[in-house]
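So the protein lines, in turn, are chains F and G.
Residue numbers in the first sequence follow this note's numbering, run continuously in steps of one, and reach 1427 at the last position.
Residue numbers in the second sequence follow this note's numbering, run continuously in steps of one, and reach 318 at the last position.
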Amino acid sequence: MTTTRTQSAIRATGLRKSFGDQVVLDGIDLEVPGATVFALLGPNGAGKTTTVHILSTLIGADGGEVQVAGHDLAGEPDAVRAVIGVTGQLTAVDNLLTGEENLVLMADLRHLDRREGRRRAAELLERFDLAEVARKPVATYSGGMRRKLDLAMGLVGDPRIIFLDEPTTGLDPRSRRTMWQLIRDLVASGVTIFLTTQYLEEADELADRIALLDHGRLVAEGTPDQLKRRIPGGHIRLGFADPDGLESAARTLGEVVRDDEALTLQVPSDGSVKSLRALLDRLDNASIEVGELSIHTPDLDDVFLTLTGQPDKEKEPAR
Amino acid sequence: MSTLSYAVADSATMLRRQLRHMLRYASVTVFLVGMPIVFLLLFVYVFGGTLGAGLGGPAGGRAEYLEYVVPGILLIAVAAGGTGTAISVAMDMTEGIVARFRTMAIFRPSVLTGHVLGSMIQTMLSLAVVTGVALLIGFRPTASPVEWVATVGVLAGITLAVTWLCVAFGLVTKTVEAASNLPTPLVFLPFLGSGFVPTESMPVGLRWFAEYQPFTPVINTVRGLLVGTAIGNSAVIAVAWCAGITLVSYLWARRLYNRDPIR
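Structural data, given as C-alpha cells:
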C-alpha cells in the first residue's frame, strides 16, 4: 500500500454490499481529501445511508477496501471509531435523558475526565444554542433542536472525520441555514465532512466534491462546477403575449425549443452578456415584442436528472 | 487504559444511563414491584386459607400458606423484572443512540452489561420490597444471618440468569410488543413448579415437568434457607441451572448484538 504525505481522510475501493439478493452498493470507489466537504448525492434508495453505515463501522461490507484516517476499516474498527463522529438519519440521541446528560454520556464514553467532559458539554450547549434547554428531557425538544444536539454529541471527542447522513432532512429553512453554517465552521477548523443529502442545493452550497450515487453505483464525481459543466442546458427563456409573436420569433431565431401552450421559447445560450445582447439585437431588428425574459444556467438539478435518469421529486424524510 | 478498565468504565457509564432511565420511567419500576405484591396478597388472603389447609401440615391455614408461598412470589418478581429487561433492551435497539454507540470506540458489550447491571439492581430492590411486605403481613422466616446471605446469593444467581436470558429476548425480537410477550412463560414457571403447591399434588406429566424445570430447585432452596424445609440436592441443581442459563444466554445475547443491525 502506498502512503503519500497528503493522506486522504477516506479512501474506498470496490465497496460492495448486498442485503439478501438485493445489491445495494455495486463496487464504489471514493476518495475524500482531509478538511474538505464531500457530498454523496442520490435519490432515495440509492445506497447513501448504507455507504455511511459501512464507512462509520456500523455494518460490514461484503467486499472492497476502506481506509478511514489511514486505518483499515475491517482490521482496526476501534481505531477508526476513535476518530469519527456520526450523525445519523435517525437522530441518535437518548430521549429519556436531558440534553446535558446526553453530552456528558458521550464525554464519559470518550473517556474524557469528569471535569473536562462537563466543560466540553457546556461549551457545546452554548455553541449550539441549547444552553436554555440543557436540563430538559430531549423528548421535549423540537426536530431542529434534536438535530443540533445530535451533531453536538458527534463532536464531543473532537473527531477528525464527521459523517452526516442527511443532516437537514426535515428541518425548516432557518434551522437548515444554521446547520450549514455549523458545517462550514467545522471544515474551517480542519474537520473532514462526509455528507449525504438528497438536496442538490445543499451539496452545491457546502461540498468541495460531489459524488452522484444511483442504484449502488457512482455515476459522476467532481466539483460542483465540473459536474455542471458536464451537461448542456444553459438557455434563455422568452415569453410572448400571443402566438403570432411566438411564431415570428421562432422563425427569426431558428434553433429553439418552443412551447406553444405556454407561449415560450428556449434559446440555447451560455448565459453571457454578449450572447444576450446579440439575441436581443436580432429580436429588435425583426421588431418582435418579447413579454418576459429569463436566463437559465444549468444547476445540479439538471445534472442530477440527466445522470440518474429519474426525477428526485420525493423529498419526504426517510422514515 | 487497558481493555479491562475500559470494560469497567464503559459498563459503569451505561449503568448510570440505565439507572436514569429507571428513575424517569418510574411507572415501569412500580409495576414490576407491584405485580408480585398483588400476587402475594391475592394468594395469601384469597386462596391462602384453602390452599394452606391442603398443605396437610399440623397448623394448616393462611399463616402456613404464607410461609410456603413466599419463595414462589419472589421468583415471580424475578420473572417480572425479566419482562422489564426485555422491553427496555428492545426499546433501546429501536433508538438511534445504540447505533451511535456501535460507531464509538467503547467496550462493545457495555450496552448489554449496563442493562444487566441496571436490571439486577432493580430486581434485587423489588425482591427486598416484596420480602418486606411479606414480613409485614406475618411472614416469619427462621433463617440465620448466613442463610439470609445464601438466600440473597441464590436469588441474585437466578436474577442474573433470567436477566441475561431476557436481554437476549429483547435482542432477538424485532418489536417492543414481541419483546414484552416472549418472557411471559417465565412468569408462569413458579406456578408450574413448587412455588404455589407441592409438586406431589400434580398429575404425572405436569409433575414431571414441575420437578425438572429450573425454577423448582431455586424455590426449594430459597424455601429451605428461609423456613428450614429440606433442601437436599436442590441447591446444587439450582446453582447449576443459574450458571448454565447465564452462560448460554450471555453467549446468545452477545452474538445477537454483534450481528449487523440491518436497518
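The beta-carbon is built from N, C-alpha and C at its ideal position, and this holds for glycine as well.
Three-state class that DSSP yields for residue i in the structure shown
| i | result |
| --- | --- |
| P16 of chain G | Absent from the structure is residue 16 of chain G, since the part of chain G shown begins at 56 and ends at 318. |
| Q1130 of chain F | strand |
| P1419 of chain F | Caution is warranted here: a pLDDT of 44 is assigned to P1419 of chain F, below 50, making its placement in the model unreliable, and no coordinate value can be reported. |
| K1125 of chain F | strand |
| D1312 of chain F | helix |
| E1400 of chain F | strand |
| A62 of chain G | helix |
| P316 of chain G | coil |
| G1172 of chain F | strand |
| Q177 of chain G | helix |
| R1218 of chain F | coil |
| L1373 of chain F | strand |
| L1117 of chain F | Looking at the sequence itself, residue 1117 of chain F is Ala, so the reference to Leu does not match. Three-state DSSP puts A1117 of chain F in a strand. |
| L110 of chain G | coil |
| L1321 of chain F | strand |
CB contact check: residue i to chain F, cutoff 7 Å
| i | result |
| --- | --- |
| H76 of chain G | yes |
| T58 of chain G | no |
| T168 of chain G | no |
Residues that residue i contacts on chain G, provided the C-beta gap is smaller than 7 Å
| i | result |
| --- | --- |
| E1209 of chain F | R75 |
| D1186 of chain F | A160 |
| V1194 of chain F | R155, T158 |
| H1323 of chain F | What H1323 of chain F touches in chain G: nothing, since even the nearest Cβ is about 17 Å away. |
| L1217 of chain F | D65, T68, M159, I161 |
| T1199 of chain F | G151 |
| S1164 of chain F | T158 |
C-beta contact flag for residue i and residue j at 7 Å
| i | j | result |
| --- | --- | --- |
| A298 of chain G | F162 of chain G | no |
| L1314 of chain F | V1145 of chain F | yes |
| S181 of chain G | V88 of chain G | yes |
| L1300 of chain F | A1182 of chain F | Correcting the residue type first, residue 1300 of chain F is Thr in the shown sequence and not Leu. Not closer than 7 Å, so no. |
| V83 of chain G | A145 of chain G | no |
| A1169 of chain F | L1123 of chain F | yes |
| D1322 of chain F | A1154 of chain F | yes |
| R1189 of chain F | T158 of chain G | yes |
| A134 of chain G | V242 of chain G | yes |
| S1164 of chain F | I1118 of chain F | no |
| L280 of chain G | T214 of chain G | no |
| P1275 of chain F | T1195 of chain F | yes |
| P238 of chain G | I131 of chain G | no |
| S1402 of chain F | R1345 of chain F | yes |
| G287 of chain G | F270 of chain G | no |
| L1335 of chain F | V1411 of chain F | yes |
| T68 of chain G | L1232 of chain F | no |
| D1202 of chain F | I152 of chain G | yes |
| D315 of chain G | I1167 of chain F | yes |
| A265 of chain G | T254 of chain G | yes |
Cβ of residue i within 7 Å of any chain G Cβ
| i | result |
| --- | --- |
| P1425 of chain F | Note that P1425 of chain F has pLDDT 40, beneath the 50 cutoff, so the model's placement of it is unreliable and the number below is only indicative. So no, P1425 of chain F is outside the interface. |
| T1304 of chain F | no |
| V1174 of chain F | no |
| S1402 of chain F | no |
| S1377 of chain F | no |
| V1212 of chain F | no |
| L1413 of chain F | no |
| R1113 of chain F | Its pLDDT being 39, under 50, R1113 of chain F is placed unreliably by the model, and nothing is read from it. |
| T1110 of chain F | Unreliable placement is indicated for T1110 of chain F, whose pLDDT of 43 sits below 50; no coordinate value is reported for it. |
Chain C contact for residue i (CB, 7 Å cutoff)
| i | result |
| --- | --- |
| I152 of chain G | No chain C appears in the structure shown, which is made up of the protein chains F and G. |
Chain F residues whose Cβ lies nearer than 8 Å to that of residue i
| i | result |
| --- | --- |
| Y100 of chain G | Residues of chain F passing the Cβ test: none, with the nearest at roughly 37 Å. |
| Y80 of chain G | L1204 |
| R309 of chain G | Those do not exist, as R309 of chain G stays about 16 Å from chain F at its closest Cβ, beyond 8 Å. |
Proximal chain G residues relative to residue i, where beta-carbon distance stays under 9 Å
| i | result |
| --- | --- |
| A1190 of chain F | M159, A160 |
Contact list for residue i against chain F, beta-carbon separation under 7 Å
| i | result |
| --- | --- |
| P91 of chain G | Per Cβ cutoff of 7 Å: no residues; P91 of chain G is ~25 Å from chain F at best. |
Contacts that residue i makes with chain F (C-beta to C-beta distance below 9 Å)
| i | result |
| --- | --- |
| R278 of chain G | Correct list: empty, because the minimum Cβ distance to chain F is about 38 Å. |
Problem - Residues in the segment 212-233 of chain G having any Cβ partner in chain F nearer than 8 Å - result: none
Practice task
Pull out every residue of the segment 254-273 of chain G whose Cβ sits closer than 8 Å to any Cβ of chain F, in chain order.
Solution key: Listed in sequence order: no entries.
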